[in-house]
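Chains as they are written, first to last, in the UniProt record's numbering: chain E, 1 to 313; chain B, 1 to 273.
Using N, Cα and C, we set each Cβ at its ideal position, and we do this for glycine too.
A quick note: this is a predicted structure, and the numbers were derived from the prediction, not measured.
Some notes on the structure that comes next.
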């Protein structure tokens, strides 16, 4: 069926659907930005502004007392940081923590995720709950529990291993203990992320490969793991950036950075400078360096992940 | 698929049980009397008692443990409510009615989580000192809100993206405003996800130690801060310490198990990719 339409006379304006007046259109167009504005403003004020102020503080010498004046010292705080051995040692310990945590935050969660993938519904929920529980328990609470488990006299760990180590008070083992306890509490969260990643993989690929005669191991190696790569990259990124932060409650409760600074990583060092030594300038300078280093690492990892990740779409 | 995983499965269960053992031990010890609690490994046959809990709540010392718990509850619930109020519209503007370059905005949100919190802590402390907000729970509410906001926006975006666009278009054609759309169209689909997000924010705020440790004291001290001092001062009274750890952990365990399933779903909906 054809409907005859009268062509508009040349020169006359094209017919327009009734449009709302300009003012309302502007409001409607701006609406999504208005929804975002409060959230963005809050983050700007409470995360970026403090960082800017940290940069400012790093050029002063001050003991945090309102009664004493801040004296400008130029770059001397940075000079002190470089001259002191603390920061370098803490940086090395931070790397140790990160590397030590990777098995707990990436390797084991992937294994657990792959094994439990085939477990049926109810059992899976129970299992996940079991693995998830240590993540949920307040870090300070798990510190309390582990302090007793690692007790040099009556601790279960020493009994089971047949050792007589004073785990948290010997330089060799304290860092190891902190890594294991942190790993124990991070593993549940990482497993949850891996489960989510696995749930997001389309099962058709695996089935097609199986029809073609691929073994379970081959499917895992050549289909599942590559499709899981964005999740893995995400977990590595989290581990690198947040490891030191995760250890803080445990170090603060269990070792206070000791013995002989063996568990002092950059995160704890910064806290120590600012709130134990009350050296605002030094703490701020360390904060600036830490922020710059983390920023560089984060940017590098994000770029690397774009190269390495294998996407489904 | 054929069930060929039994040996692996058994191993996985064994590992899982071993993994949860410290928490089982914590709960069991909290229910023992002090002499029974001191035996190691804990006795499974010792009589159970609530004495540890009574002691934690000040049965013999008269020192109540309620204020830090109430402080933690106010900080966690207050900040979670604020996070939802801010994150729902923001997530809406990133998924249902996306602004241009919404991925950049997402990246901005995430970037704030990549920074070491401790690097900006000093100015946060000094500001509180200047305006008299030290040891004040409302300051923690604000800080926890900004701490959890990026995660909430991130998760919520993936839950809102689940709402079918056809229904949204139909609602828009019928002239439904934001509130109506949210209530009648978005909420029924996204509510469980929003609930899970709220629970996660609650957990993170409840467990937070660094801010609370620096910014609160006697009046506004939260449960983790209180627990830290409890562990150092009451270390010899194991049943009491374990009872304290259980009480402080219970709210987050409950919240976590409630949110667990939805979280797997929320994280898998493109939130990680």
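- In this structure the segment 183 to 194 of chain B touches the segment 154 to 167 of chain B; the number of beta carbon pairs closer than 8 Å is three or more.
- Near chain B, meaning a CB-to-CB distance below 8 Å, the residues of the segment 122 to 143 of chain E are 125, 127, 128, 129, 130, 131, 132, 133, 134, 135, 136, 137, 138, 139, 140, 141, 142, 143.
- Here residue 248/B is not near residue 144/E, since their CB atoms are 7 Å or more apart.
- Closer than 7 Å to the CB of residue 22/B there is at least one CB belonging to chain E.
- From the listed residues 140/B, 106/B, 160/B, 250/B, the smallest Cα separation to residue 215/B is found for 140/B.
- By the rule that beta-carbons nearer than 7 Å mark a contact, residue 291/E touches chain B.
- By the Cβ criterion, the segment 188 to 208 of chain E is not in contact with the segment 256 to 271 of chain E, since fewer than three pairs of Cβ atoms, one from each stretch, lie closer than 8 Å.
- Taking residue 240/E as the centre and dropping the five residues before and after it, the same chain places the C-beta of 98, 297, 301 closer than 7 Å to its C-beta, in chain order.
- The straight-line gap separating the alpha-carbon atoms of residue 83/B and residue 214/E is approximately 48 Å.
- With contacts defined by Cβ atoms closer than 7 Å, residue 109/E and residue 194/E form a contacting pair.
- Spatial neighbours of residue 56/B in its own chain (CB-CB distance under 6 Å, excluding positions within 5 residues in sequence) are listed in chain order as 65, 240, 243, 244.
- Residues of the segment 241 to 263 of chain E with a Cβ closer than 8 Å to any Cβ of chain B, in chain order: 241, 244, 245, 248, 249, 252, 253.
- Short of 8 Å from the beta carbon of residue 81/E, and not among the five residues preceding or following it, lie these beta carbons of its own chain, in chain order: 87, 282, 285, 286, 289.
- Beta bridge pairing from DSSP links residue 71/E with 61/E.
- Along the segment 194 to 213 of chain B, going in chain order, the ones with a CB nearer than 8 Å to a CB of chain E are 203, 206, 207, 209, 210, 213.
- Closest by C-alpha distance to residue 226/E, out of 191/E, 200/E, 238/E, 44/E, is 200/E.
- Nearest CB-CB separation between residue 120/B and chain E: below the 7 Å threshold.
- When 251/B, 108/B, 176/B are compared, the shortest CA-CA separation from residue 44/E is found for 108/B.
- Here residue 80/B is buried: its Cβ has 16 or more other Cβ atoms, across all protein chains shown, within 10 Å.
- For residue 115/B, the three-state secondary structure derived from DSSP is coil.
- Runs of the alpha helix (DSSP H) spanning 4 or more residues and lying entirely within the segment 11 to 53 of chain B occur at 34 to 37, in chain order.
- Contact between residue 91/B and residue 153/B holds: their C-beta atoms lie close to 5 Å from each other, under 8 Å.
- With fewer than 16 other beta carbons inside 10 angstroms of its own, residue 159/E counts as exposed.
- When rounded, the separation of the alpha-carbon atoms in residue 177/E and residue 237/B is 23 Å.
- Under the three-pair Cβ rule at 8 Å, the segment 170 to 179 of chain B does not count as touching the segment 104 to 120 of chain B.
- Judged by DSSP in its simplified three-state form, residue 158/E adopts helix.
- Near chain B, meaning a CB-to-CB distance below 8 Å, the residues of the segment 152 to 180 of chain E are 154, 155, 156, 159.
- Taken in chain order, the complete alpha helix (DSSP H) segments of 4 residues or longer contained in the segment 81 to 160 of chain E are 86 to 102, 108 to 116, 121 to 136, 139 to 149.
- Residue 273/E counts as buried, since no fewer than 16 other beta carbons sit within 10 angstroms of its beta carbon.
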